[in-house]
Amino acid sequence: MAERTTHSWTTVPHFFVVRDVDTGALNEARQRLAPAIEKSRAVKLTYTDLLLALVARVLLKHPRMNASWTAEGYGGTRM
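Spelled out as structure tokens, the structure:
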């Protein structure tokens, strides 16, 4: 695994996108939902949990976003 990761990082161009976002609604949702989830499930609700749930919902509405590009072109959806 380490060899493949190193190979990926040294042979494939990488780019990063950085953007400032207003997370006020996300903070409010966590404050509203966390107590009930922590009580019923005995786990701490994290921002990552909320973001993953949001991404999953978006992908259900926009399945073409869950795709990849290959050497031959558009790889289609993976759903």
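With this note's numbering applied, the sequence shown corresponds to residues 44 to 122, in that order. From the three backbone atoms N, C-alpha and C, an ideal C-beta is built for every residue, glycine too. Keep in mind it's a predicted model, so treat the numbers as computed, not measured.
Query	Result
Cβ contact check for the region 68-75 and the region 84-97: 3 or more pairs under 8 Å	yes
Which of helix, strand or coil DSSP assigns to residue 110	strand
Straight-line gap, residue 46 to residue 53 (C-alpha atoms, nearest Å)	11 Å
Enclosing alpha helix (DSSP H) for residue 92 [first to last residue]	90-104
Cβ pair residue 69, residue 95 closer than 9 Å	no
Own chain residues within Cβ distance below 8 Å of residue 97, not counting five before or after	none
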